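Following: one structure in structure tokens, then a few remarks.
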Amino acid sequence: MSQNRSMLIIPGNSPKGLQNAPVFNPDLLVLDLADGVPLEDKDSARLLVKEAIGFMDYENTQVVVRINSLQSGFGAKDIEIITPVQPIAFVIPQGNAEQLQEIEILLAESEKKAGLKEGSIGLIPVVETVKTLEQMSSLLNVSPRIKSAFFNAEGLAQELGIVRSKEGDEILYARSKFAMTCRAAGMNSFDTAFTDSNDYEGLEKDCLKARNLGFTGKAAIDGRQIDTIHKIFV
């Protein structure tokens, strides 16, 4: 991957979002088939994302796809259908080591069927549980496909039963551990998104905090956040 400052997450069932996202020039565009898509839309979103990657010109933006977990019953199909259009990487929710090992096998099989060289598509694990946070060192060594990781504080907060704040003091330990582990492994680290898309001052402060903790980039849930992220992460 080239620049890795920003990661814009777009629901895979949003044709308008898929079409307009490149306007904001994120470094990575995450087409989300997981949390952002209701159960009844999973199959249609998968096909929509496949068509978007296959036919749209995303210019200099690296396109990655956030698949569903294997346990959901949708993840294996996501890999099978999306692999032939060769996204840069798959983003793996709840990316524990066991699931990543299973996905490594499925992805190698799908690449072979699609006529792609094994290892063509990367993996970006999402660290969003206590278990994955505490096992990060071994997690990042599961596959040579892993060059980046994404910290999702919302998922971690839900598991811990804590209330998120804009200041983020409650996730300081988790953020620090994540960023330092990625740095030690020589990998890109994407910080959790700032969820108030209308608070640009708060976003800038949060970006500065993340950068000073050692993160190399930050996720965004709104394209309007990208310019601020790029201003801080240079």
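Per UniProt numbering, the very first residue in the sequence shown carries number 1; after that it's consecutive.
Each residue gets a CB set at the ideal place from its N, CA and C atoms; glycine is no exception.
Keep in mind it's a predicted model, so treat the numbers as computed, not measured.
The alpha helix (DSSP H) enclosing residue i, as first and last residue numbers
i    : result
N188 : No alpha helix (DSSP H) holds N188; the beta strand (DSSP E) holding it covers 188-191.
N60  : Where N60 is concerned, there is no enclosing alpha helix (DSSP H), given that its DSSP letter is neither H nor E.
S138 : 136-139
D206 : 200-213
M180 : 172-185
K231 : 226-232
E104 : 97-113
F55  : 42-55
A21  : Unbroken run through A21: none, as it is neither H nor E.
K77  : 75-82
Rounded distance between the beta-carbons of residue j and residue i, thought under 8 Å
i           : j    : result
L208        : I226 : Going by Cβ atoms, the distance from L208 to I226 rounds to 16 Å, so no, they are not a contact pair.
I171        : A153 : 5 Å
T216        : N4   : 6 Å
G95         : L139 : 7 Å
residue 247 : A34  : Nothing about residue 247 can be read from this structure; the chain reaches only from 1 to 234.
K50         : I81  : 6 Å
A193        : A219 : 4 Å
D206        : G168 : 7 Å
Bridge partner(s) assigned by DSSP for residue i
i           : result
D32         : P11, R66
L123        : F90, I146
residue 240 : With the chain covering only 1 through 234, there is no way to say anything about residue 240.
S6          : K218
Boundaries of the beta strand (DSSP E) in which residue i is found, first to last residue
i    : result
G217 : 217-220
Residue i and residue j closer than 7 Å at C-beta
i    : j    : result
S37  : G12  : In the sequence on display, residue 37 carries Val and not Ser. For V37 and G12, yes; Cβs fall inside 7 Å.
F74  : L123 : no
M7   : L28  : yes
T228 : E201 : no
A179 : S189 : yes
I146 : I9   : no
I79  : L100 : no
L18  : A45  : no
V126 : P93  : yes
A97  : V163 : no
T83  : M136 : no
D191 : A210 : yes
E111 : E118 : yes
L116 : S176 : no
Y58  : P15  : no
T129 : E159 : yes
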